[in-house]
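Peer 1: Numbers given in our numbering equal positions in the sequence shown, counted from 1, plus 313.
C-beta atoms are modelled at their ideal positions from N, C-alpha and C, and glycine is treated no differently.
One structure coming up, written as structure tokens, with questions to follow.
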Amino acid sequence: MCPFYNNHVNTQQENTLFRIKVKEMMEEKEIEASARILEEIITCSTLEHRDIVFLCIGSDRYVGDSLGPLVGTMLRESHVPYHVYGTLKEPVHAFNLKDILKDINKQLKKPLIISIDACLGEKSQVGFMIFNKGPLAPGKALEKILPEVGDYHIKGVVNYIDPLPASQFINDTRLYTVFNFARTIVKIIRLTVQ
């Protein structure tokens, strides 16, 4: 999980490539516009002979943290031509993240890593998917110290932060919310290969 706070808006807005509200009935033009941005990044990186990696971070043990593994599973089932790490069967989480990063850097040629993770934010931000340039800081909402990962990252604000422990909000997140995020992210990524 990674937090998304308003007090960092200026820096994050400079690096934000797209930000869309995920809802049941998404407008195709929003999805297609987002896919074009991602496709341009992937195309440029492929021309530079870089391996494209989607690093889907999270755990299926907590609904609110299952966005990454859901996306990874759906991408694998879609047979996208990219390297996908982190699925429901083999999640990438706090305990194995460093080892997975070592494997990626050892096995792949100049990997371009796009990290995907769930995120907690303010009430007004819940439901937004944000695609940023720069690394993701996983585990930050739970005060975990993990390496920042990715050249780019996609995060879905699945719930909000409150005075209660962040872990409570991870547990209180609806699966339906996380599933809609996963479906939208996968649709955007799949459009880059058509």
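Note down the Cα distance separating E340 from S347, rounded to an integer number of angstroms.
Peer 2: As a working mapping, residue 340 is identified with position 27 in the sequence shown. As a working mapping, residue 347 is identified with position 34 in the sequence shown. Roughly 11 Å between the two C-alpha positions.
Peer 1: Is the beta carbon of G463 closer than 7 Å to that of P448?
Peer 2: Position 135 of the sequence shown, counted from the first residue, corresponds to residue 448. Position 150 of the sequence shown, counted from the first residue, corresponds to residue 463. P448 places its beta carbon less than 7 Å from that of G463.
Peer 1: Alpha carbon to alpha carbon, how far is I365 from I355? Give it in angstroms, no decimals.
Peer 2: Within the sequence shown, the letter at position 42 stands for residue 355. Within the sequence shown, the letter at position 52 stands for residue 365. C-alpha separation (whole angstroms): 7 Å.
Peer 1: Enumerate in chain order the residues of its own chain whose CB-to-CB distance from L383 is below 6 Å, with the five nearest sequence positions on each side excluded.
Peer 2: Stepping through the sequence shown from its first residue, residue 383 is reached at position 70. Same-chain partners within the cutoff: A495.
Peer 1: Please classify P460 as buried or exposed, where buried requires at least 16 neighbouring CB atoms within 10 angstroms.
Peer 2: By one-based count along the sequence shown, residue 460 stands at place 147. That one is exposed.
Peer 1: Unbroken beta strand (DSSP E) runs of length 3 or more, entirely within the segment 345-390: which are they?
Peer 2: Those beta strand (DSSP E) runs which fall completely within the segment 345-390 and span 3+ residues are 365-369.
Peer 1: Between V405 and K342, what straight-line distance do the alpha-carbon atoms span, to the nearest angstrom?
Peer 2: Start at 1 with the first residue of the sequence shown, and residue 405 comes out as number 92. Start at 1 with the first residue of the sequence shown, and residue 342 comes out as number 29. So the two alpha carbons sit approximately 32 Å from each other.
Peer 1: Taking the CB atoms as reference points, tell me whether L488 and V376 lie closer together than 7 Å.
Peer 2: Here residue 488 is taken as the residue at index 175 of the sequence shown, counted from 1. Here residue 376 is taken as the residue at index 63 of the sequence shown, counted from 1. Their beta carbons are under 7 Å apart, which means L488 touches V376 by this criterion.
Peer 1: DSSP three-state call for I429: helix, strand or coil?
Peer 2: Residue 429 sits at position 116 when you count from the first residue of the sequence shown. I429: strand per DSSP, three-state reduction.
Peer 1: DSSP has G452 in a bridge; who is on the other side?
Peer 2: Indexing the sequence shown from 1 puts residue 452 at position 139. Partner(s): none; G452 has no beta bridge.
Peer 1: Taking H396 as the reference, which of H466, I501, Q420 has the closest Cα?
Peer 2: Here residue 396 refers to the residue found at position 83 when the sequence shown is read from its first residue. Answer by Cα proximity: Q420.
Peer 1: Measure the Cβ-Cβ separation of V393 and T497 and say whether it is below 7 Å.
Peer 2: Sequence index remark: in the sequence shown, residue 393 carries index 80 (1-based). Sequence index remark: in the sequence shown, residue 497 carries index 184 (1-based). If you check the CB distance, V393 and T497 do not come in under 7 Å.
Peer 1: Can you give the Cα-Cα distance for G399 and I370, rounded to whole angstroms?
Peer 2: Working through the sequence shown from its first residue, we reach residue 399 at position 86. Working through the sequence shown from its first residue, we reach residue 370 at position 57. Looking at the two C-alpha atoms, the distance is approximately 6 Å.
Peer 1: Using the rule of at least 16 other Cβ atoms within 10 Å of the residue's Cβ for burial, across every protein chain shown, is L360 buried or exposed?
Peer 2: Sequence index remark: in the sequence shown, residue 360 carries index 47 (1-based). Label assigned to L360: exposed.
Peer 1: Take E337 and list the residues in its own chain whose beta-carbon comes closer than 8 Å to its own, dropping the five residues that flank it on each side.
Peer 2: For this step, residue 337 is matched to residue 24 along the sequence shown. These residues qualify, in order along the chain: N493.
Peer 1: Assuming D416 and L380 are in contact, meaning their beta carbons sit under 8 Å apart, how far apart are those beta carbons, in whole angstroms?
Peer 2: For the purposes of this step, residue 416 is taken as residue 103 along the sequence shown, with counting starting at 1. For the purposes of this step, residue 380 is taken as residue 67 along the sequence shown, with counting starting at 1. That belief does not hold up - the Cβ atoms of D416 and L380 are roughly 22 Å apart, past 8 Å.
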